[in-house]
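Trainee: Listed in order, the protein sequences are those of chains A and B. Okay, so the first sequence: first residue is 0 according to numbering that gives the first Met the number 0, each after it adds one. Okay, so the second sequence: first residue is 0 according to numbering that gives the first Met the number 0, each after it adds one.
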Amino acid sequence: MKLPWFKRAGIFFLPSAFIGWIILLAGLVYAVYVFRSIDSTSHSASDTLINFVFRLLVIGAVYSLIGFLTSRKMRT
Amino acid sequence: MENFEEKLANMPKPEISDLKHQDMLANALVTARDKSVLSGWWLSVPLYMLAALLMKTVFVPNTTLISLIHELTRTQKYSSLFFFVLVPVVFIVLNFMAVKRIHYLSGNPQTMKLLQMVWFNLLIIVVSLLLLIIYSL
C-alpha cells in the first residue's frame, strides 16, 4: 500500500489515507471498549478515569508509533 | 571559433537555487520534530505513572515515591522495566541522533540557534534521563 498513511499536525498524527482512517477508527473503538470494560469493574468515577487515562495514553503511544512509521514515503 | 567563444560568453550559467544540504537539513528538522512528538507520547506513560505514584504518597501515609517505585518494580517487573528503562533509553538515543544530525547539517551553528531548532528534543532527553535516575534510586 502506498505511503504516507498519516501526516503530523502539532502533536498528533492525522490520517491522510483511507488505511490511516481505519487505524484511527480502530483505536477509538478500542478506547471505548477499554473504557466500558474498566467502568464495569471499577468502584468510583475517579477509579475509572485513573485506569482509563493510563490505557488511553498507551493507545495514543502505539497509534503515534504507527503514525510515525507510516508518515513518510518509502525510500526506493 | 570566434562564434563559439561568443556563444560561450552568452550562454546562461547553470544556477542552483536550492542547495541539496538545505533540503537535507529541512528533512532532518521535520524528522527530529516527528521523533520528539513520538517520544512525548511514549514518555507520557511513565510520567503519568510517576504522577499517580506521587498522588499516592500524598494520600497514603508513611509512603515515599521511592518506596512506591520499589513496590512497582516488584509487582510489575517487566512493564516497569519497559516504561522506565527501555523507553527512555530508546528515546535518548533517537533524539540524540536527531540533534547530532541537525548540528552536523547546519554547519556547527551557534548554541542559541541550535537550541531554537532542537529545544524539544533536548527537553525529551532531559526528561528521559530524569526518569532513568528516579527509577534507579
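Note that CB positions come from ideal geometry on N, CA and C, so glycine has one too.
Determine whether the beta carbon atoms of B/V92 and A/L56 lie at a separation below 8 Å.
Mentor: Mapped onto the second sequence, residue 92 of chain B falls at position 93. Mapped onto the first sequence, residue 56 of chain A falls at position 57. No.
Trainee: Given this structure, state the Cα-to-Cα distance separating A/S39 from A/Y32, to the nearest angstrom.
Mentor: Within the first sequence, the letter at position 40 stands for residue 39 of chain A. Within the first sequence, the letter at position 33 stands for residue 32 of chain A. Between A/S39 and A/Y32, the C-alpha separation is close to 11 Å.
Trainee: B/K19 lies in the beta strand (DSSP E); which residues open and close that run?
Mentor: Here residue 19 of chain B refers to the residue found at position 20 of the second sequence. From DSSP, B/K19 is part of no beta strand (DSSP E) but of the alpha helix (DSSP H) over 19-58.
Trainee: For B/V126, count neighbouring C-beta atoms within 10 Å of its own C-beta (all shown protein chains included) and say buried if the count is 16 or more, exposed if not.
Mentor: Within the second sequence, the letter at position 127 stands for residue 126 of chain B. Result: buried.
Trainee: Let's see if you can read the secondary structure: which residues bound the beta strand (DSSP E) around A/P14?
Mentor: The residue given as residue 14 of chain A occupies position 15 in the first sequence. Run containing A/P14: 11-14, per the beta strand (DSSP E) assignment.
Trainee: Against B/G39, what residues of chain A qualify as contacts under a CB-to-CB distance less than 9 Å, listed in chain order?
Mentor: By 1-based counting over the second sequence, the position of residue 39 of chain B is 40. By Cβ distance, chain A contributes I10, S63.
Trainee: Taking contact to mean at least 3 C-beta pairs separated by less than 8 Å, is the region 59-74 of chain A in contact with the region 11-30 of chain A?
Mentor: The region 59-74 of chain A vs the region 11-30 of chain A: in contact.
Trainee: Does the region 49-69 of chain B come within contact of the region 100-109 of chain B, defined as at least 3 CB pairs closer than 8 Å?
Mentor: The region 49-69 of chain B, when compared against the region 100-109 of chain B, does not touch it at the 8 Å Cβ threshold.
Trainee: Considering only the alpha carbon of each residue, which of B/S78, B/P87, B/D22 lies closest to B/L128?
Mentor: Indexing the second sequence from 1 puts residue 128 of chain B at position 129. Per the Cα distances, B/P87.
Trainee: How is A/K1 classed by DSSP in three states: helix, strand or coil?
Mentor: On the first sequence, position 2 is the one that residue 1 of chain A refers to. Coil, per DSSP.
Trainee: Hey, quick one: how far does the alpha helix (DSSP H) through B/P87 stretch, first residue to last?
Mentor: In the second sequence, counting from the first residue as 1, residue 87 of chain B sits at position 88. Note, B/P87: alpha helix (DSSP H), 86-104.
Trainee: Against chain A, which members of the region 26-51 of chain B pass a CB distance test of less than 7 Å?
Mentor: Residues passing the 7 Å Cβ filter: D33, V36, L37, G39, W40, W41, S43, V44, Y47, A51.
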